[in-house]
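**Q** In our numbering, the protein residues as written are -19 to 314.
Here you go, one structure.
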């Protein structure tokens, strides 16, 4: 167990097969004060394990979670190109993405399709569901090692392509995703971030961008499977959801989809294989109210499992990292 007087020492971390590393806190008092005193030890623990759950710290609301954030000295970053809506509680503190509770959010690295992404994710559970809803994690280096060599070689050579069709019905409208209603500003952002775009006659926006599938951790030197190839692919959707969206929007008008970097379609078998490998290395621990989890967003993918009941998990994205600092495996183009 960890007491408030242990600030100068490394934390006592429990590591068990199939679960993320867990620090159990007793007698912490003010969560933000405890976080300030154990900031360096928590960073060392995340560097060692990739993800650490802090159990028993107990932030009770968004304001208290925000104080913990500030005392951990996590520099929050502004999300751009979001694919699902969030509620903002205060600067840098958001709800988890709004996603149907009966559908999983499959393994992914946050904003891995952008040129600058969070190096660290902080999750704070204010309300845990009675069943399901875990934020599970999976180590990207293990996923990379388990994938077939020829598939990895192709993705390393070509990268991956993400296409998006923004509308007012599914996901977020382009005005929310880009933080502006000025079309010229969106065009400037796309040009600066190597995104090709076209405006549709009804005022919608379609974009595509090619990104590397494999990067190197700028601190640890590990090669990592870092992308959202499977999560944002049409074959990860529930069959009835996919069929409905294809019927309404057509395959070229899906809210999001992924392809090989050369534009070839990614087959259902490839998506199932990637998700199966993620499953084989997944670490999960059910949330309890008051839990925190810190995740190295480069080293660890994360997911959100289906749930029943009420669930409120706050999210902070911090320590922005530039793609150029990560020795990307493929040339990045629009």
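For glycine and all other residues, C-beta sits at the position ideal for the given N, C-alpha and C.
1. Give the secondary structure of residue 246 by DSSP, where H, G and I count as helix, E and B as strand, and everything else as coil.
2. Nearest CA to the CA of residue 237: which residue from 249, 169, 145 and 6?
3. Rounded to a whole number of angstroms, what is the C-alpha to C-alpha distance between residue 170 and residue 9?
4. Would you mind working out which of 187, 40 and 308 sits nearest residue 232, comparing C-alpha positions?
5. If you drop the 5 nearest sequence neighbours on each side, which residues of the same chain put their C-beta closer than 7 Å to that of residue 262?
6. Ordered along the chain, which non-local residues of its own chain (more than five positions away) have a Cβ less than 6 Å from that of residue 1?
7. Could you spell out where the beta strand (DSSP E) holding residue 390 opens and where it closes?
8. Give me whichever residues DSSP pairs with residue 195 in a beta bridge.
9. If you drop the 5 nearest sequence neighbours on each side, which residues of the same chain put their C-beta closer than 6 Å to that of residue 283?
10. When you compare the CB positions of residue 215 and residue 108, do they come within less than 9 Å of one another, or not?
11. Apart from the five residues just before and just after residue 55, which ones in its own chain have a Cβ nearer than 7 Å to its Cβ?
12. Taking residue 295 as the reference, which of 83, 34, 100 and 257 has the closest Cα?
13. My output table needs one value for residue 228: the three-state DSSP class, helix, strand or coil.
14. Pull up the distance between the alpha-carbon of residue 272 and that of residue 181, whole angstroms please.
15. I'd like to confirm the pairing. Which residues does DSSP put opposite residue 107 in its beta bridges?
16. If you check the beta carbons only, do residue 209 and residue 150 fall under 9 Å apart?
17. Exposed or buried, residue 252, counting other C-beta atoms within 10 Å across all chains shown (16 or more means buried)?
18. Using DSSP bridges, identify the partner residues of residue 3.
19. Is DSSP giving residue 142 helix, strand or coil here?
20. According to DSSP, residue 88 sits in a beta bridge with which residue or residues?
21. In the DSSP assignment, the alpha helix (DSSP H) including residue 79 goes from what residue to what residue?
22. What are the partner residues of residue 98, as DSSP defines its beta bridges?
23. Going by DSSP, name the residue or residues bridged to residue 287.
24. Please list the segments of the alpha helix (DSSP H) lying wholly inside the stretch 132 to 189, counting only runs of 4 or more residues, in order along the chain.
25. With 16 other CB atoms within 10 Å as the buried threshold, where does residue 220 fall?
26. Between the C-alpha atoms of residue 142 and residue 102, what's the straight-line distance to the nearest angstrom?
**A** The answer reads as follows:
1. Locating residue 246 in the chain shown gives position 266, counting from the first residue. Secondary structure of residue 246 (DSSP, three-state): coil.
2. Within the chain shown, numbered from 1, the residue matching residue 237 stands at position 257. The candidate whose alpha carbon is nearest that of residue 237 is 145.
3. Here residue 170 is taken as the residue at index 190 of the chain shown, counted from 1. Here residue 9 is taken as the residue at index 29 of the chain shown, counted from 1. Rounded to whole angstroms, the gap between the alpha carbons of residue 170 and residue 9 is 47 Å.
4. Counting from one through the chain shown, the residue named residue 232 turns up at place 252. Residue 232 has its Cα closest to that of 187, out of 187, 40 and 308.
5. The residue labelled residue 262 in the question sits at position 282 within the chain shown. A distance below 7 Å between beta-carbons, with the five flanking residues on each side excluded, links residue 262 to the following residues of its chain, in chain order: 116 and 118.
6. Walking along the chain shown from the start, residue 1 turns up at place 21. If we look at residue 1 and ignore the five residues flanking it on each side, its Cβ neighbours are -7, -5, 29 and 32.
7. No answer is possible for residue 390: it lies beyond the span of the chain, which begins at -19 and ends at 314.
8. Working through the chain shown from its first residue, we reach residue 195 at position 215. DSSP lists 204 as partners of residue 195.
9. Mapped onto the chain shown, residue 283 falls at position 303. Counting only residues of its own chain and dropping the five nearest sequence neighbours on each side, residue 283 has a CB closer than 6 Å to the CB of 85, 86, 87 and 116.
10. Translated into the one-based positions of the chain shown, residue 215 becomes position 235. Translated into the one-based positions of the chain shown, residue 108 becomes position 128. In this structure, residue 215 sits away from residue 108, with a CB-CB distance that is not shorter than 9 Å.
11. Residue numbering aside, residue 55 sits at position 75 when the chain shown is read from its first letter. Hits under 7 Å: 298 and 299.
12. As a working note, residue 295 is residue 315 in the chain shown. Among 83, 34, 100 and 257, the Cα nearest to that of residue 295 is on 100.
13. In the chain shown, residue 228 corresponds to position 248, counting from 1. Three-state DSSP puts residue 228 in a helix.
14. As a first step, residue 272 is located in the chain shown; it is residue number 292 there, counting from the start. As a first step, residue 181 is located in the chain shown; it is residue number 201 there, counting from the start. Rounded to the nearest angstrom, the two C-alpha atoms are 45 Å apart.
15. Locating residue 107 in the chain shown gives position 127, where the first residue counts as 1. DSSP output for residue 107 lists 292 as bridge partner(s).
16. Along the chain shown, one-based indexing puts residue 209 at 229. Along the chain shown, one-based indexing puts residue 150 at 170. No, these two residues do not count as a Cβ contact at 9 Å.
17. Here residue 252 corresponds to residue number 272 of the chain shown, with the count starting at 1. Here residue 252 is exposed: its Cβ has fewer than 16 other Cβ atoms, across all protein chains shown, within 10 Å.
18. As a first step, residue 3 is located in the chain shown; it is residue number 23 there, counting from the start. -7 and 34, per the DSSP bridge assignment.
19. Residue 142 sits at position 162 when you count from the first residue of the chain shown. Three-state DSSP puts residue 142 in a strand.
20. Reading the chain shown from its first residue, position 108 is the one you call residue 88. Answer by DSSP bridge pairing, in chain order: 282.
21. For the purposes of this step, residue 79 is taken as residue 99 along the chain shown, with counting starting at 1. Per DSSP, residue 79 lies in no alpha helix (DSSP H) segment and is marked neither H nor E.
22. Taking the first residue of the chain shown as position 1, residue 98 is located at position 118. For residue 98, DSSP records a beta bridge to 300.
23. Here residue 287 is taken as the residue at index 307 of the chain shown, counted from 1. Answer by DSSP bridge pairing, in chain order: 112.
24. Taking only runs of at least 4 residues, the alpha helix (DSSP H) segments lying wholly in the stretch 132 to 189 are 154 to 158 and 163 to 172.
25. Position 240 of the chain shown, counted from the start, is the residue given in the question as residue 220. The residue is exposed, with fewer than 16 neighbouring Cβ atoms inside 10 Å.
26. Position 162 of the chain shown, counted from the first residue, corresponds to residue 142. Position 122 of the chain shown, counted from the first residue, corresponds to residue 102. Roughly 26 Å separates the two Cα atoms.
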